[in-house]
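Notes to accompany the following structure.
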Amino acid sequence: MWDVIVIGAGAAGMMAAAHAGQKGARVLVLDHAEQPGRKILISGGGRCNFTNIKADWRYYRSENPHFCRSALARYRPQDFLALVEAHKISWHEKEDGQLFCDESARQIVTMLEAECRAAHVRFQLGCVVRDVAHDGHVFAVETVQGVLQARAVILATGGLALPKLGATDFSLRIAQRFGLRVVAPAPALVPFCLAEAQPELAGVSLPVTVSLMGRKKPCFTGGMVFTHRGVSGPAILQISSWWERGEAVRLNLLPGRDVYEMMRTISQKRPKAHAAALVEALPARLARYLIHGRMDGRPLAEQPAKSVRVLANYVADWTIRPSSTEGYAKAEVMRGGVDTRDLSSQTMEARSVPGLYIVGEAVDVTGWLGGYNFQWAWASGAAAGQAAAERASV
Numbered sequence: 001m002w003d004v005i006v007i008g009a010g011a012a013g014m015m016a017a018a019h020a021g022q023k024g025a026r027v028l029v030l031d032h033a034e035q036p037g038r039k040i041l042i043s044g045g046g047r048c049n050f051t052n053i054k055a056d057w058r059y060y061r062s063e064n065p066h067f068c069r070s071a072l073a074r075y076r077p078q079d080f081l082a083l084v085e086a087h088k089i090s091w092h093e094k095e096d097g098q099l100f101c102d103e104s105a106r107q108i109v110t111m112l113e114a115e116c117r118a119a120h121v122r123f124q125l126g127c128v129v130r131d132v133a134h135d136g137h138v139f140a141v142e143t144v145q146g147v148l149q150a151r152a153v154i155l156a157t158g159g160l161a162l163p164k165l166g167a168t169d170f171s172l173r174i175a176q177r178f179g180l181r182v183v184a185p186a187p188a189l190v191p192f193c194l195a196e197a198q199p200e201l202a203g204v205s206l207p208v209t210v211s212l213m214g215r216k217k218p219c220f221t222g223g224m225v226f227t228h229r230g231v232s233g234p235a236i237l238q239i240s241s242w243w244e245r246g247e248a249v250r251l252n253l254l255p256g257r258d259v260y261e262m263m264r265t266i267s268q269k270r271p272k273a274h275a276a277a278l279v280e281a282l283p284a285r286l287a288r289y290l291i292h293g294r295m296d297g298r299p300l301a302e303q304p305a306k307s308v309r310v311l312a313n314y315v316a317d318w319t320i321r322p323s324s325t326e327g328y329a330k331a332e333v334m335r336g337g338v339d340t341r342d343l344s345s346q347t348m349e350a351r352s353v354p355g356l357y358i359v360g361e362a363v364d365v366t367g368w369l370g371g372y373n374f375q376w377a378w379a380s381g382a383a384a385g386q387a388a389a390e391r392a393s394v
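FYI, in UniProt numbering the residues of the sequence shown are 1 to 394.
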């Protein structure tokens, strides 16, 4: 009989296990993988963007945006940073509050393992969990190595993103088995595919402002890069978390600039300049692509004002209609998940199943790009781990 069984040895799972163990609970962590923290190891280009110093509820997508407020307020980015520094892991800050390891993401996994060991947490890796049942008193966790019992169970197996790392819908299936609702999952923080992708633009990158047709919010400004299949880059990944199939995406290719006035100024100061002068503001291949078929060979000053206006509008408000995303194979996270209406925002416990907790990516809370999803893993894991230990001690 274990006090707490955590299913999933990822970011949220190890954090939950450590906090439960620190509260005196006998904790067992199960995972079908042979090593813990596999997703942590590949994150941030191998340096792990382990949190964002700005993380609060405003940087998350959910059917209930306020659900994550409690956990994030009680376990803050500064709390995780203090843990990082206590383990003497050097770090640096990039743009927009993103914090990375100076050396390797492996340091974060090692740190979490050390915290678990200090709390006497046991790991059982390479152990496939088949089912979870509850008889009204204790949980029975059926594995390929036998049935284990626990007073509390924390589901921390993540979502469907990156199936090559063993991602499954286990937490969602178990939640539904217990009668919990699930918000339809979909790939998030993922590149777009375009039905009419332009191979000649592959590799071209530039800053853009991106939004969804007919919506004022969300709106993101950041890098975009053309791929052989469509578009990617930070701004595209951000908006993908809100995109629904069939929606058009609006791109301002020169954010913060009045393109029409810029072209008028060029034509006034340099009467012989052609529309190709856009190359000064845009990557050359993209400028040529945009001009083709929209202007003839005459200098910009000799072009009809209407043609100049049309080209300017095209640059400032270019519409693309993605045919799809690149799916879970290229998605950084899954959006959707266990409906927050069925969970306690303070403890992550299922309202209708005392002793069952769900954390991390499996919950309908999806962070922006830039360390926000890790902070949700730490915060939700800490909340559930502490609550599960307290329940088990009663």
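Each residue gets a CB set at the ideal place from its N, CA and C atoms; glycine is no exception.
- Item | Where residue 64 sits in the DSSP three-state scheme | Here DSSP, grouped into helix, strand and coil, assigns residue 64 to coil.
- Item | CA-to-CA distance, residue 337 to residue 429, given in whole angstroms | There is simply no residue 429 to check, as the chain begins at 1 and stops at 394 in what is shown.
- Item | As assigned by DSSP and simplified to three states, the class of residue 89 | Residue 89 sits in coil when the DSSP states are folded into three classes, being neither helix nor strand.
- Query: Leaving out five residues before and five after residue 189 in sequence, what residues of the same chain have Cβ atoms less than 7 Å from its Cβ?
  - Reply: Only 237, 240, 241, 331, 332, 333 and 369 meet the Cβ criterion.
- Query: Hey, residue 348 and residue 377: beta-carbon distance below 8 Å or not?
  - Reply: With contacts defined as CB atoms closer than 8 Å, residue 348 and residue 377 fail to qualify as a contacting pair.
- Determine the closest residue to residue 196 out of 278, 7, 135 and 322, with distance taken between C-alpha atoms. When only C-alpha atoms are compared, the closest one is 322.
- Message: With a threshold of 7 Å (Cβ to nearest heavy atom), would residue 357 be considered close to the ligand ZN?
- Response: Of the ligands one can find in the structure shown there are none, so the ligand ZN has no counterpart to examine.
- Message: Can you list, in chain order, the residues of its chain with a C-beta nearer than 8 Å to that of residue 75? Leave out the 5 residues immediately preceding and following it.
- Response: Taken in chain order, the residues that qualify are 378, 379, 382 and 383.
- Query: Exposed or buried, residue 216, counting other C-beta atoms within 10 Å across all chains shown (16 or more means buried)?
  - Reply: Classification for residue 216: exposed.
- C-alpha distance - residue 404 paired with residue 4, whole-angstrom precision: Residue 404 cannot be examined here, being either before or after the span of the chain that is shown, 1 to 394.
- Query: If we ignore side chains and look at the alpha-carbon of each, how far apart do residue 35 and residue 252 end up?
  - Reply: For residue 35 and residue 252, the distance between alpha carbons rounds to 44 Å.
- Query: Nearest-angstrom Cα distance between residue 316 and residue 325?
  - Reply: Going by the C-alpha atoms only, they are around 24 Å apart.
- Label residue 185 either buried or exposed according to how many other C-beta atoms from any shown protein chain fall within 10 Å of its C-beta, with 16 as the threshold for buried. Here residue 185 is buried: its Cβ has 16 or more other Cβ atoms, across all protein chains shown, within 10 Å.
- Query: Between the beta-carbon of residue 112 and the beta-carbon of residue 235, is there less than 8 Å?
  - Reply: Cβ distance not < 8 Å, so residue 112 and residue 235 don't count as in contact.
- Query: Taking the C-alpha atoms as reference points, what is the distance between residue 304 and residue 255?
  - Reply: Those two C-alpha atoms are separated by around 24 Å.
- Query: Got a sec, what are the start and stop residues for the beta strand (DSSP E) residue 156 sits in?
  - Reply: Counting along the chain, residue 156 falls outside any beta strand (DSSP E), and DSSP gives it neither H nor E.
- Within its chain, find whatever has a CB closer than 6 Å to the CB of residue 399; leave out the 5 residues flanking it on each side and keep chain order. No answer is possible for residue 399: it lies beyond the span of the chain, which begins at 1 and ends at 394.
- Just the Cα atoms here: how many angstroms apart are residue 199 and residue 222? In this structure, the alpha-carbon of residue 199 lies about 22 Å from that of residue 222.
- Query: How many Å lie between residue 167 and residue 40 at the Cα?
  - Reply: Rounded to whole angstroms, the separation of the alpha carbons of residue 40 and residue 167 is 13 Å.
- Message: On the criterion of 16 or more Cβ atoms from any shown chain inside 10 Å, does residue 271 qualify as buried, or is it exposed?
- Response: Around the beta carbon of residue 271, a 10 Å sphere encloses fewer than 16 other beta carbons of the protein chains shown; the residue is thus reported as exposed.
- Task: Could you tell me which of 231, 138 and 308 sits nearest to residue 266, measuring between CA atoms?
- Result: Comparing Cα positions, the closest option is 308.
- Query: Pairing CB atoms from the region 100 to 110 with CB atoms from the region 40 to 54, are three or more of them under 8 Å?
  - Reply: In short, these stretches touch, since the Cβ pair count reaches three.
- Message: Taking 6 Å as the limit between beta carbons, can you name the residues of its chain near residue 9, skipping five residues before and five after?
- Response: Closer than 6 Å at the Cβ level, and outside the excluded window around residue 9, lie 29, 31 and 36.
- Which word fits residue 268, buried or exposed, when buried means at least 16 other C-beta atoms lie within 10 angstroms of its C-beta? Exposed.
- To which residues does DSSP link residue 368 through a beta bridge? For residue 368, which the question treats as bridged, DSSP gives no partner whatsoever.
- Task: Please go through the UniProt domain "RsdA/BaiN/AoA(So)-like insert" (187 to 333) and give each complete alpha helix (DSSP H) segment of 4 or more residues, from N-terminal end onward.
- Result: You should have 234 to 240, 259 to 269, 284 to 291 and 305 to 316.
- Task: Can you give me the start and stop residues for the alpha helix (DSSP H) that residue 22 sits inside?
- Result: In this chain, the alpha helix (DSSP H) harbouring residue 22 covers 11 to 22.
- Please state if the CB of residue 229 and the CB of residue 193 are separated by a distance shorter than 8 Å. The Cβ atoms of residue 193 and residue 229 sit closer than 8 Å to each other.
- Among 88, 13 and 20, which one has its Cα closest to the Cα of residue 393? The shortest Cα separation from residue 393 among 88, 13 and 20 belongs to 20.
- Taking the alpha helix (DSSP H) that residue 117 falls in, what are its first and last residues? Run containing residue 117: 106 to 118, per the alpha helix (DSSP H) assignment.
- Please report the Cβ distance between residue 141 and residue 129, rounded to the nearest whole angstrom; I am assuming they are in contact, meaning their Cβ atoms lie under 8 Å. Yes, residue 141 and residue 129 are in contact; Cβ-Cβ is about 6 Å, under 8 Å.
- Task: Can you say whether residue 375 is buried or exposed, counting buried as having 16 or more other CB atoms within 10 angstroms of its CB?
- Result: With at least 16 other beta carbons inside 10 angstroms of its own, residue 375 counts as buried.
- Residues bridged to residue 7 by DSSP? In DSSP, residue 7 forms a bridge with 30 and 155.
- Item | Nearest-angstrom beta carbon gap, residue 156 and residue 7 [assumed within contact, 8 Å] | Yes, they are in contact, since the Cβ atoms of residue 7 and residue 156 sit about 6 Å apart, within 8 Å.
- Item | Whole-angstrom C-beta distance between residue 187 and residue 328, which should lie under 8 Å | About 5 Å separates the two Cβ atoms, so the contact holds.
- Expressed to the nearest angstrom, what Euclidean distance is found between the alpha-carbon atoms of residue 318 and residue 386? Taking the straight line from one Cα to the other gives about 49 Å.
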